[in-house]
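Asker: Chains A and B, in that order, give the protein sequences. Take 49 as the starting number for the first sequence in the numbering used here and just add one per residue. Take 49 as the starting number for the second sequence in the numbering used here and just add one per residue. Note that beta-carbon positions come from the ideal geometry of N, C-alpha and C, so glycine has one too.
2 protein chains.
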Amino acid sequence: MGQSITFHKADQLKKKPDAGQLGFGKYFTDYMFEMDYTLEKGWHDPKIVPYGPISLDPAATIFHYGQEVFEGLKAYRAEDGRILLFRPNKNMERMNQSCARLNIPKIDEKFVVKAIKKLVAVEQDWIPNQPGQSLYIRPFIIGTDAALGVHPSSMYKLLIILSPVGSYFGNSMSPVKIYVEDEYVRAVKGGVGFAKTSGNYAASLKAQTKSEELGFDQVLWLDGVEHKYIEEVGSMNIFFKIDDEVWTPALNGSILPGVTRNSVIALLKHWGITVKEKRISVKKLFKKAEKQQLKEVFGTGTAAVISPVGFLKWEDHVIKVANGETGKLSKKLYDTLTGIQTGKQKDELGWTEEVKVEKEKVTE
Amino acid sequence: MGQSITFHKADQLKKKPDAGQLGFGKYFTDYMFEMDYTLEKGWHDPKIVPYGPISLDPAATIFHYGQEVFEGLKAYRAEDGRILLFRPNKNMERMNQSCARLNIPKIDEKFVVKAIKKLVAVEQDWIPNQPGQSLYIRPFIIGTDAALGVHPSSMYKLLIILSPVGSYFGNSMSPVKIYVEDEYVRAVKGGVGFAKTSGNYAASLKAQTKSEELGFDQVLWLDGVEHKYIEEVGSMNIFFKIDDEVWTPALNGSILPGVTRNSVIALLKHWGITVKEKRISVKKLFKKAEKQQLKEVFGTGTAAVISPVGFLKWEDHVIKVANGETGKLSKKLYDTLTGIQTGKQKDELGWTEEVKVEKEKVTE
Ligand SMILES: Cc1ncc(COP(=O)(O)O)c(C=O)c1O
Ligand SMILES: Cc1ncc(COP(=O)(O)O)c(C=O)c1O
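1. Where does the unbroken beta strand (DSSP E) through residue 92(B) begin, and where does it stop?
2. Please confirm whether any heavy atom of ligand 2 lies closer than 7 Å to the CB of residue 183(B).
3. Return yes when at least one heavy atom of ligand 1 lies under 7 Å from the C-beta of residue 283(A), else no.
4. Using DSSP's beta-bridge definition, name the partner residues of residue 134(B).
5. Please name the residue in 379(A), 65(A), 227(A) whose C-alpha comes closest to that of residue 279(A).
6. Among 405(A), 287(A), 395(A), 78(A), which one has its Cα closest to the Cα of residue 17(A)?
7. Using a Cβ cut-off of 8 Å (strictly closer), state whether residue 126(A) contacts chain B.
8. Is residue 73(A) near residue 211(A), with beta carbons less than 8 Å apart?
9. Residues of chain A with CB closer than 8 Å to the CB of residue 297(B), please, in chain order.
10. Can you give me the start and stop residues for the alpha helix (DSSP H) that residue 333(A) sits inside?
11. Tell me which same chain residues have a C-beta within less than 7 Å of the C-beta of residue 266(B), skipping the five on either side of it?
12. Could you work out which residues of chain B lie near residue 151(A), taking near to mean beta carbons separated by less than 7 Å?
13. Skipping 5 residues on each side, what residues in its chain have a beta carbon closer than 8 Å to that of residue 155(B)?
14. Assign residue 103(A) to one of two classes, buried (16 or more other C-beta atoms within 10 Å of its C-beta) or exposed (fewer than that).
15. Under 8 Å between C-beta atoms, does residue 349(B) make it to chain A?
16. According to DSSP, is residue 232(B) helix, strand or coil?
17. Should residue 413(B) be labelled buried (16 or more other beta-carbon atoms within 10 Å of its own) or exposed?
18. Using 8 Å as the Cβ pair cut-off and three pairs as the minimum, do the stretch 286-299 of chain A and the stretch 325-337 of chain A touch?
19. Does any residue of chain A bring its CB to less than 8 Å from the CB of residue 190(B)?
20. In the DSSP assignment, the beta strand (DSSP E) including residue 124(B) goes from what residue to what residue?
21. Would you say residue 231(B) lies against chain A (beta-carbon separation less than 8 Å)?
22. For the stretch 58-69 of chain A against the stretch 161-172 of chain A, are there 3 or more C-beta pairs whose distance is under 8 Å?
23. Roughly how many whole angstroms lie between the Cα atoms of residue 388(A) and residue 245(A)?
24. Chain B partners of residue 186(A), CB-CB under 7 Å?
25. Pick helix, strand or coil for residue 274(A), following the three-state DSSP scheme.
26. Can you give me the start and stop residues for the alpha helix (DSSP H) that residue 259(B) sits inside?
27. How big is the Cα-Cα spacing for residue 95(A) and residue 248(B)?
28. To the nearest angstrom, report how far apart residue 374(A) and residue 348(B) are at their CA atoms.
29. Mind checking whether the beta-carbon of residue 304(A) lies closer than 7 Å to any heavy atom of ligand 1?
30. Name the residue from 71(B), 398(B), 362(B) whose alpha carbon lies nearest to the alpha carbon of residue 268(B).
31. Identify each residue in the stretch 277-296 of chain B for which the Cβ-Cβ distance to at least one residue of chain A is less than 9 Å, and report them in chain order.
32. Tell me where the beta strand (DSSP E) around residue 326(A) begins and ends.
33. From residue 253(B) to residue 58(B), what distance separates their C-alpha atoms?
34. Since residue 186(A) and residue 242(A) should fall inside the 8 Å C-beta cutoff, what is the C-beta to C-beta distance between them, to a whole number of angstroms?
35. Distance, Cα to Cα, residue 350(B) vs residue 379(B)?
36. Just verifying my parser: in three-state terms, what is the DSSP assignment at residue 295(B)?
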């Protein structure tokens with residue numbers, strides 16, 4: 049797959065949105081990347097084309113049997129002008145794990161990272177540079193076979209679209225309120241919970257809207273078998289500071305293995321803090337809180353980076369965490385991660401990759 | 049929603065496929081039904097248009113968060129020329145149950161049945177009339193909001209497409225071989241198993257292809273919690289004749305409530321046969337087989353109607369059912385159901401609805 053990526057120039061470029069109005073995933077850039085798969089040719093015809101509608105047969109697999117995987121990562125504009133990606137190889141590795149579960153043919157991870165870099169280089173003027181802002185990168189693959197009857201598709205499309213974004217939850221460092229869901233279930237062992245696939249999110253909407261109606265920001269999922277053990281938040285993994293240790297649910301097949309989760313664990317260990325990946329019962333957590341041992345709670349994810357949790361509700365029990373404020377460790381993790389991501393802080397763990405505009409420049 | 053359905057004439061009609069070559073879901077008719085939803089207008093602009101590609105923004109919800117529901121039913125051509133639908137109201141009722149779980153706005157069930165009838169009337173020449181053949185009807189709804197960030201879509205599209213089909217498993221009355229899946233899980237209570245939504249099918253592909261590699265036709269799913277209790281087959285509900293009784297797994301929130309299942313239960317009761325909807329452990333089932341009490345096994349679904357099971361494998365245990373042949377009760381159910389569906393047999397339970405071509409005729 050050492051294929052060259054062709055470039056199709058747009059007739060007209062869009063007006064860029066106001067830096068203050070970005071929100072999350074509302075605006076899309078001028079170009080997108082596209083690549084097709086057929087049984088005969090494998091992945092082929094990689095190209096950067098003007099952003100625009102895709103046209104599919106109404107019988108396409110994606111509309112009926114949901115064969116889909118996606119990823120989410122960001123490009124950051126450093127103060128010195130460099131463009132940085134944060135561990136893009138990790139996202140591509142996960143994309144292939146998702147593909148394997150969803151019967152989607154594997155991608156060449158290195159080639160797709162290259163495609164991301166080319167696309168970002170083309171769209172460099174779209175990378176916002178205010179604190180908390182970045183260019184969100186969304187690669188996704190859909191099955192496009194036009195045939196009914198449940199079967200793995202024989203044709204696929206991989207697309208990459210870009211969206212300049214602000215922070216996911218408005219002001220990302222203001223603590224969120226979380227509701228422990230005890231009726232609806234997100235995933236179960238043997239299912240697709242560890243994969244980044246659309247069905248997981250469709251299944252989560254009901255609980256998410258219920259939690260919002262009750263005045264909460266996000267849902268904390270429990271395991272699907274016993275409804276006792278903590279899994280993750282809507283689009284984040286979850287961490288608890290218990291006295292001087294940090295606990296997070298172990299990867300058990302039903303939790304998404306977050307890139308931010310992995311990075312937070314590495315950073316904490318790097319700092320000499322004890323991290324325990326384990327099965328955590330919600331009962332035990334609330335006991336720890338009662339005994340004043342629960343010092344901080346935070347979510348981790350590409351969109352929000354670190355999102356402190358100020359308030360937790362489970363059945364009739366409520367916990368106010370860290371007095372409803374952002375804890376010290378949460379703040380330090382946020383500052384360090386965003387520091388590394390934006391090139392302000394030394395990248396000791398070798399996590400960033402530069403997008404070289406000259407080198408990545410595509411010929412027209 | 050007493051809206052009138054507009055009709056857009058196609059420039060050219062397709063050549064119809066050979067009656068002997070239909071297969072399942074490979075050919076589509078000349079027209080499709082389409083209707084849009086926005087928060088302001090609700091469901092609006094119902095129309096019958098030439099079958100053709102739909103064009104969507106690459107950020108559309110369906111490509112990322114999988115908000116989708118679908119249905120499947122059939123139109124039959126009776127010997128006397130009448131066109132019959134089988135319990136279309138049941139499918140629309142289930143579609144709304146699926147919508148409720150997936151945060152999709154409800155449809156007007158009666159109106160969509162009317163739309164189905166109009167579309168089938170327009171496409172009446174596409175209804176095949178050989179034994180086992182019919183016109184498969186696939187209504188589906190997709191979220192079309194062009195915005196990232198997990199949220200329920202504010203825009204939707206409902207489409208109905210039609211496909212002339214033969215029997216689902218080739219010769220539908222030759223018994224199938226079934227593999228009891230003990231690793232992968234289809235659904236769990238609190239999830240979306242009872243809804244007809246694409247994510248359930250995406251999650252099932254891995255086990256389905258595994259079973260095919262092992263030489264089986266279909267997977268029999270166990271419950272997601274204990275991996276002990278029988279749920280359903282890939283795209284069918286499952287029934288067991290134990291001595292003179294018939295058992296089928298009770299609807300428990302993770303099984304699709306099949307229209308054929310419901311009809312089979314009603315027919316059996318009508319015939320004075322005891323039907324038990326209960327929790328059935330796979331262990332108990334295999335014990336019953338050992339004691340020669342398991343007389344017949346069959347799947348039920350719109351596509352295959354009744355599909356006898358000749359062979360079951362669970363871990364190291366194998367059962368040959370009814371000597372690998374089609375049991376008497378399975379045959380009687382198949383003949384009765386297809387008899388009612390095609391107007392050959394008296395419809396004592398009032399299940400069929402006629403599509404009146406003159407009345408449903410649309411103005412151009
Ligand atoms: C369900 C879920 N869990 C966790 C995460 C966090 O993963 P990452 O840190 O790779 O963004 C995400 C979002 O990406 C998610 O959707
Ligand atoms: C998972 C599943 N179970 C059962 C069925 C049978 O339902 P029905 O009889 O309504 O076709 C289907 C197919 O429609 C299905 O997809």
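Answerer: Taking the coordinates as given:
1. Along the second sequence, read from residue 1 onward, the residue named residue 92(B) stands at position 44. 90-98 is the extent of the beta strand (DSSP E) around residue 92(B).
2. Your numbering for residue 183(B) matches position 135 in the second sequence. No.
3. On the first sequence, position 235 is the one that residue 283(A) refers to. Correct: residue 283(A) has its Cβ closer than 7 Å to ligand 1.
4. Counted from its first residue, the second sequence places residue 134(B) at position 86. Residue pairing of residue 134(B) in beta bridges, as defined by DSSP: 400(B).
5. Within the first sequence, residue 279(A) is the residue found at index 231, counting from 1. Nearest C-alpha to residue 279(A): 227(A).
6. Nothing can be reported for residue 17(A): it is not among the residues displayed for chain A, which extend from 49 to 412.
7. Sequence index remark: in the first sequence, residue 126(A) carries index 78 (1-based). Not an interface residue.
8. Stepping through the first sequence from its first residue, residue 73(A) is reached at position 25. Stepping through the first sequence from its first residue, residue 211(A) is reached at position 163. One thing to note: residue 73(A) has its Cβ within 8 Å of the Cβ of residue 211(A).
9. Reading the second sequence from its first residue, position 249 is the one you call residue 297(B). Under the 8 Å cutoff, chain A gives no residues; its nearest Cβ is about 18 Å from residue 297(B).
10. In the first sequence, the residue the question calls residue 333(A) occupies position 285. Where residue 333(A) is concerned, the enclosing alpha helix (DSSP H) stretches over 330-338.
11. Start at 1 with the first residue of the second sequence, and residue 266(B) comes out as number 218. Counting only Cβ-Cβ distances below 7 Å, and skipping sequence neighbours, we find 224, 226, 259, 281, 282.
12. In the first sequence, counting from the first residue as 1, residue 151(A) sits at position 103. Within 7 Å Cβ-Cβ: 253, 254, 257.
13. Position 107 of the second sequence, counted from the start, is the residue given in the question as residue 155(B). Leaving aside the five residues that flank residue 155(B) on each side, the residues in its chain whose CB is nearer than 8 Å to its CB run, in chain order, 91, 140, 143, 144, 147, 189, 206.
14. The residue given as residue 103(A) occupies position 55 in the first sequence. Residue 103(A) should be labelled exposed.
15. The sequence position of residue 349(B) within the second sequence is 301, counting from 1. So, not an interface residue.
16. On the second sequence, position 184 is the one that residue 232(B) refers to. Note: residue 232(B) maps to coil in three-state DSSP.
17. Outside the modelled stretch of chain B, which goes from 49 to 412, sits residue 413(B), for which no answer is possible.
18. Enough Cβ pairs lie closer than 8 Å, so yes.
19. Position 142 of the second sequence, counted from the first residue, corresponds to residue 190(B). With 8 Å as the cut-off, residue 190(B) counts as an interface residue toward chain A.
20. Here residue 124(B) refers to the residue found at position 76 of the second sequence. Run containing residue 124(B): 121-125, per the beta strand (DSSP E) assignment.
21. On the second sequence, residue 231(B) is found 183 positions in, with the first residue counted as 1. Answer yes: the Cβ-Cβ gap between residue 231(B) and chain A drops below 8 Å somewhere.
22. No: the two stretches stay apart, fewer than three of their Cβ pairs being nearer than 8 Å.
23. Within the first sequence, the letter at position 340 stands for residue 388(A). Within the first sequence, the letter at position 197 stands for residue 245(A). Those two C-alpha atoms are separated by around 28 Å.
24. As a first step, residue 186(A) must be located in the first sequence, where it is residue number 138. Per Cβ cutoff of 7 Å: 196.
25. Counting from one through the first sequence, the residue named residue 274(A) turns up at place 226. Three-state result, residue 274(A): coil.
26. Stepping through the second sequence from its first residue, residue 259(B) is reached at position 211. Unbroken alpha helix (DSSP H) run through residue 259(B): 246-261.
27. On the first sequence, residue 95(A) is found 47 positions in, with the first residue counted as 1. On the second sequence, residue 248(B) is found 200 positions in, with the first residue counted as 1. Straight-line measurement puts the Cα of residue 248(B) at about 32 Å from the Cα of residue 95(A).
28. For the purposes of this step, residue 374(A) is taken as the residue at position 326 of the first sequence. For the purposes of this step, residue 348(B) is taken as the residue at position 300 of the second sequence. Using only the alpha carbons, I get a separation of about 55 Å.
29. As a working note, residue 304(A) is residue 256 in the first sequence. At least one heavy atom of ligand 1 falls within 7 Å of the beta-carbon of residue 304(A).
30. What you label residue 268(B) is simply residue 220 of the second sequence in a count that begins at 1. Selected option, being the one with the closest Cα: 362(B).
31. Here the close residues are 282, 283.
32. Position 278 of the first sequence, counted from the start, is the residue given in the question as residue 326(A). Residues 323-326.
33. Working through the second sequence from its first residue, we reach residue 253(B) at position 205. Working through the second sequence from its first residue, we reach residue 58(B) at position 10. Distance between the alpha carbons of residue 253(B) and residue 58(B) is about 36 Å.
34. For the purposes of this step, residue 186(A) is identified with residue 138 of the first sequence, where counting begins at 1. For the purposes of this step, residue 242(A) is identified with residue 194 of the first sequence, where counting begins at 1. Not a contact, Cβ separation roughly 19 Å.
35. On the second sequence, position 302 is the one that residue 350(B) refers to. On the second sequence, position 331 is the one that residue 379(B) refers to. Approximately 16 Å, taken between the alpha carbons.
36. As a first step, residue 295(B) is located in the second sequence; it is residue number 247 there, counting from the start. Residue 295(B): strand per DSSP, three-state reduction.
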